[in-house]
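Everything on this sheet refers to the single structure shown next.
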Amino acid sequence: MAPQYAPSLRSRLGPLLFVLQTGFILIFAFCAEVDSNVNVNGSTFKDSYTDFQDVNVMVMFGFGFMCTFLVRHGFSAVGFNLLVATMTTQWAIILNNVESWYYSGKIRLNMRSLVVAEICTVSALVSIGAVLGKTNPVQLVFIALLEVSGFVLNEWLLLNLLKVRPGNSMMLLHIFGAFFGLTVTWILYRKDSEQRFEKEKVDHKSGLFSMLGTVFLWVFWPSFNSALLSGRSPVRKLECVCSSYLALAVSAVTAAAVSVIFNPKGRFNLLHLQSCILSGGVAIGVSMPVVLQPWEAMLIGFAAAILSTIGFHLLQVGTTIKHGNCVLLLIHPKRALNSRSFLFFQIHMLLAFQCHDTRAILSTHGLPGLLGWLAHFILLIRQCDDHTTAVRFAVFHICTLLITITTSLSMGILTGT
Amino acid sequence: MAPQYAPSLRSRLGPLLFVLQTGFILIFAFCAEVDSNVNVNGSTFKDSYTDFQDVNVMVMFGFGFMCTFLVRHGFSAVGFNLLVATMTTQWAIILNNVESWYYSGKIRLNMRSLVVAEICTVSALVSIGAVLGKTNPVQLVFIALLEVSGFVLNEWLLLNLLKVRPGNSMMLLHIFGAFFGLTVTWILYRKDSEQRFEKEKVDHKSGLFSMLGTVFLWVFWPSFNSALLSGRSPVRKLECVCSSYLALAVSAVTAAAVSVIFNPKGRFNLLHLQSCILSGGVAIGVSMPVVLQPWEAMLIGFAAAILSTIGFHLLQVGTTIKHGNCVLLLIHPKRALNSRSFLFFQIHMLLAFQCHDTRAILSTHGLPGLLGWLAHFILLIRQCDDHTTAVRFAVFHICTLLITITTSLSMGILTGT
Amino acid sequence: MAPQYAPSLRSRLGPLLFVLQTGFILIFAFCAEVDSNVNVNGSTFKDSYTDFQDVNVMVMFGFGFMCTFLVRHGFSAVGFNLLVATMTTQWAIILNNVESWYYSGKIRLNMRSLVVAEICTVSALVSIGAVLGKTNPVQLVFIALLEVSGFVLNEWLLLNLLKVRPGNSMMLLHIFGAFFGLTVTWILYRKDSEQRFEKEKVDHKSGLFSMLGTVFLWVFWPSFNSALLSGRSPVRKLECVCSSYLALAVSAVTAAAVSVIFNPKGRFNLLHLQSCILSGGVAIGVSMPVVLQPWEAMLIGFAAAILSTIGFHLLQVGTTIKHGNCVLLLIHPKRALNSRSFLFFQIHMLLAFQCHDTRAILSTHGLPGLLGWLAHFILLIRQCDDHTTAVRFAVFHICTLLITITTSLSMGILTGT
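Chains as they are written, first to last, in this note's numbering: chain G, 13 to 429; chain C, 13 to 429; chain A, 13 to 429.
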């Protein structure tokens, strides 16, 4: 049932994990120590710990079980997710503290450094979503580690070049992760033949597990968005939680409405729901620093759900799932051309680059992330009179995209060899 | 696999959701703002947030996955639950703040208003349990919104007529929800033919998901019962949590014991367990304000589990589940008549009204709720010497029932048209 | 589908549960009261409550769903677990407060006494893991109640004879539970014929539920290890959480690596993962009081995962799972003899005692627990100059083992009659 890997995989994966893990232990042995100051960022230990647990639950349950809809990956998706997440979190702890390591010779561990590492892991898990079912575990581990390196580099560049606070640049993980994953899957697609997609059959029986993972993400998303906010300003945290909850609620309702309208039989398409009810959380996460009113959050959730559902529908319109054997085909060029005038961007991407996106991360994370960025942009301009910050923000986002693409291209070459 | 709805449904559900959602956004745009005072009711933001998350987990996981035991509703039960819960919560936020909206022009959002709205949603989800599998999503959304309106009206009447504190009247949600749901299913039953019940097949394969939902409810029930208590009196919260936990533990053991005694093969009936292990939590929730000793809580849990299991057994005694195709039949009149002397109330209800209760909400919520009310009544009389409060309490409960029935009747007429 | 029990079971289980439950209610009625002092052990009510909920989630979801991999026990494993856990927790609350009952006539209930009772329940659930699928519910309840009695007795002896603090002796639950369970299964094995093992078929379809339970344990294990630490020293709690998380992360990666190396086809063996990713948490829990550096925790997790995976592999090497009907056979003596030189201890145990360990508790809890004890021993000697404490610790551990074996033998005789 499980996918057959090349015989050489066995000789590689075990030793690779051993070498990497031993390396991580050595780095921790020489440099890491537990922070003696518990109250980081204005939160007590217990408050930071519940934030950490909520994010941890999202990483392990949410992303792990969300990917169980693939027939041959139901079981191993959870295992791979656990493996990738634990490796990546250790690596992210080290990377995030490189600067303090350089200056003081110590990596300080506290609840905040674990939360930040988990959030970096989320960006890797978003990328993984695009290549799942087409890659072996060795590739997955490499992709995840390189993605996190790129994400931390991106954050460092944004901080040093543009003075963007880490709390804000962190939330760009959806855009970074989605475009990184799409670039990787584009490179892999060009190299591989189409027969490898056969691994990606969708199973409706394990759909409830996938739904379980999605609901875990939905419920704990407000914690995710508010985890990095300082405990010194509980009003800001309250605003963030209320905005996130309302945006998620509105996007769940809207995604259901759009899904029913698109379906010729008037049924809920649960793949739509799974992909699109989270779009409000993604968009509000990116635009959080400037959202002040509840209705702004609701409107962002509304727009994100419509964009996400339409994006998903167009991307999957050619994905014919047959009754008996549910085969995933490529996009029908004719249908795609007809709707070209509707969403030029996606069609262009699909026809020109021919990338293949397993978990629909473009419509789940990429498009709502861009919408959130746009909302951030518009609200920022509306709030401040001078254009300095607006220009700065535009420059900042272009940098993000440039860095994303360069990192993913260089990473793709590494994976290819 | 999924149920076939009338073709007109597609043209109604999508626009209906759009219109309602747009209406909610407009109301929030003109009136809602996030409360600048974070410490509501003596709890810090973080404490209120963990309460909110526990209730949110119960609403999304507990009620969502509890209903997956229906063959054709495994998948869509979770989706419908998500849709109904998000719609209802937004509506409940508005309704609960109508008074402050009237006086100050503002709906204030804080963690407490979200928790109260979620608890109102629970009362709607209880009602939904009776009609699931017999109704389409448009009806479900309408029933839920009208139920919440009735519940908030009921709370307002109790507060203004009888000076019942919202914390106490809130917990009557089990009685209100159960009788509302039963009235609706009675009206629907009279109108529809029996062939519609075919949708309600029970699936033993998805039983583990149903068990998962039940355990979510069981584990977080102490949080649900204590969520509305003031943070200023942690002793009261501790008493509430200990009482709820002990009542739930005792009702789990007792439900298992009664279930084994009833089963001719001496096996656990897991439908019994799923319906009846929660009865202790329901009963203790209603009687919480006057329970002072742990043993009182345990005795209430013991009695609630016996009442709930026997009620479930008598109600489902004619529900023959065949080996191969598990068809749900109507109650055998002969068996029901034989046990008439045992529980006259239920038989009367079934024979006379012929209502049909999918998730057995009468035995899960209705009967334990009434038992909790009775325990409240007895303990109150034992505790105070004068009869003024006792009389007041009796009047108060009669009012609740009257309002419930009138609201549900008027709502049933609305649904029928 | 469900196992057929002897007809006499029905007449026993129901009344037994009723009698035990009534007894518990009577004891609580005469002696228990809710503590009026909420801030126990330096933690506020809310902090203790989140600790309690995390442990409660582990007990109900973790252990409940972890055992669903047995074909005939998928459904009832969760039910039995709920029943055993609720009975055992009530019994443990009474037992843990016998001393205060004796002196002050009162059992005081607070969040800490509930957490301690839940942790005692975990030790019973570990034991239950060895006999699941071979015993009926009456035996399970008896085994669990006797195990908890033995565990509390053991803790009392360690406290009074060796002045071991309860926080430290509590964590020996893995060693106590594992050896207790193995002794019981050894006695049951000698008495019963082999055909009873037929109940123990493994199901790959319900594997995802089993994985869900394992991930619940993995995620909340840091809460479990830190639940008993005083709230007055948040630095100690932070160290404990960081160490536990790192040990669990390392043991997840290492278990995956060893699993791939052992598998002839280079695949993940998910039974390996399920049993072995928790070993780091077990080992670090036992050695927690002396682990000061993160790398020590990581090294312990690394060693525990290797030991656990190799132990599991050798124990299950003869367990041939056929494609079609997956029959669990006994250990091949030949293979076992070949690897005798590798892990003499286990083979000796298997050949000589012929015990049969359903959930592999020896490799999941027993061996990592012993490794944690060894790490505790080594680190203690390295940290202190005098040998008094080292000698005391050795005596203490020998006492634990002796008490474990005597209690389990006496309990086995009780079960046999």
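Ideal placement from N, C-alpha and C gives every residue a C-beta, glycine not left out.
For residue i, which option in the options has the closest C-alpha, if you only look at C-alpha atoms?
i, options, result
"L95 of chain A", "A:Y115, A:V298, A:P246 and A:V150", "A:V150"
"A387 of chain G", "G:V302, G:T418 and G:L224", "G:V302"
"A269 of chain G", "C:A41, C:M72 and C:T98", "C:T98"
"N93 of chain A", "A:I273, A:L32 and A:G145", "A:G145"
"I318 of chain G", "C:T34, C:S23 and C:R24", "C:T34"
"S245 of chain G", "G:A41, G:N53, G:Q305 and G:F191", "G:N53"
"V31 of chain C", "C:V231, C:L173, C:T418 and C:V153", "C:V153"
"A445 of chain A", "A:I106, A:F192, A:S125 and A:I155", "It is not possible to answer for residue 445 of chain A, since the shown part of chain A is limited to 13 through 429."
"M182 of chain G", "G:F163, G:L174, G:A190 and G:N172", "G:F163"
"G26 of chain A", "C:T266, C:L290 and C:R124", "C:T266"
"C43 of chain A", "C:M72, C:V90, C:W307 and C:G243", "C:W307"
"G293 of chain C", "C:L171, C:N237, C:N180 and C:M70", "C:N237"
"R394 of chain G", "G:V128, G:L304, G:T62 and G:F314", "G:L304"
In chain order, what residues of the same chain lie with their CB nearer than 6 Å to the CB of residue i, ignoring the 5 residues before and after it?
i, result
"V46 of chain C", "L121"
"N109 of chain G", "I119"
"P345 of chain A", "Because the pLDDT of P345 of chain A is 36, which lies under 50, any placement of that residue in the model is unreliable, and the number read from its coordinates should be weighed accordingly. Nothing meets the Cβ criterion."
"V143 of chain C", "V196 and T197"
"N296 of chain G", "The sequence given here places Ile at residue 296 of chain G; Asn does not occur at that position. So the list reads S255, S256, A259, A309 and I312, once near-sequence residues are dropped."
"F209 of chain C", "Residue placement at F209 of chain C cannot be trusted, given a pLDDT of 46 that sits under 50; what the coordinates show is reported in the next sentence. Once the five neighbours on either side are set aside, F209 of chain C has no close Cβ partner at all."
"L157 of chain C", "W103"
"S353 of chain A", "Confidence at S353 of chain A is low in this model, with a pLDDT of 35, below 50, so its placement is unreliable and the value that follows should be read with caution. Result list for S353 of chain A: empty, nothing under 6 Å."
Might you give, ordered along the chain, the residues of its own chain that have their beta carbon closer than 7 Å to the beta carbon of residue i, omitting 5 neighbours on each side?
i, result
"Q207 of chain A", "Any answer about Q207 of chain A is weak, because its pLDDT of 44 lies below 50 and its placement is not dependable; what the coordinates show is given next. Hits under 7 Å: none found."
"S271 of chain G", "F280, N281, H284, L285 and T321"
"G336 of chain G", "Confidence in G336 of chain G is poor, its pLDDT being 28 and thus under 50, which makes the residue's placement too unreliable to answer from."
"F324 of chain G", "H284, S287, C288, A372 and S375"
"E111 of chain A", "none"
"Q102 of chain G", "F36"
"P234 of chain A", "V253, S256 and Y257"
"F357 of chain A", "Confidence at F357 of chain A is low in this model, with a pLDDT of 41, below 50, so the placement of that residue should be treated as unreliable; the coordinate-derived value is given next. Here the set comprises nothing."
"N275 of chain C", "N281"
"S242 of chain A", "N53 and G54"
"W113 of chain C", "C43 and I119"
Who are the Cβ neighbours of residue i in its own chain at under 8 Å, not counting the five residues just before and after it?
i, result
"Q286 of chain G", "M78, F81, S222, M223 and T226"
"L169 of chain G", "C411 and I415"
"V160 of chain G", "T100, W103, A104, L107, C132, T133, S135 and A136"
Which first and last residues belong to the alpha helix (DSSP H) in which residue i is found?
i, result
"R248 of chain A", "P246 to F274"
"V46 of chain G", "From DSSP, V46 of chain G is part of no alpha helix (DSSP H) but of the beta strand (DSSP E) over A44 to V46."
"R279 of chain C", "Looking at the DSSP string, R279 of chain C is not in any alpha helix (DSSP H), and its letter there is neither H nor E."
"F154 of chain A", "P149 to L174"
"F57 of chain G", "F57 to V69"
"G145 of chain G", "Premise fails: G145 of chain G is in no alpha helix (DSSP H) and is neither H nor E."
"R394 of chain G", "L379 to Q395"
"T376 of chain G", "No alpha helix (DSSP H) holds T376 of chain G; DSSP gives it neither H nor E."
"A239 of chain G", "No alpha helix (DSSP H) contains A239 of chain G, which DSSP labels as neither H nor E."
"V298 of chain G", "S291 to S299"
Run through chain D and tell me which residues come within less than 7 Å of residue i, C-beta to C-beta.
i, result
"F191 of chain A", "In summary, chain D is missing from the structure at hand, where the protein chains are G, C and A."
Give the range of the beta strand (DSSP E) segment to which residue i is assigned.
i, result
"L121 of chain C", "I119 to L121"
Looking at chain G, which residues of the region 228 to 250 of chain C have a Cβ within less than 9 Å of any of its Cβ atoms? none
In chain order, what residues of the region 300 to 312 of chain G put their CB closer than 8 Å to some CB of chain C? Q305, P306, W307, M310 and L311
Using a Cβ-Cβ cut-off of less than 9 Å, list which residues of the region 141 to 163 of chain C approach chain G; keep chain order. P149
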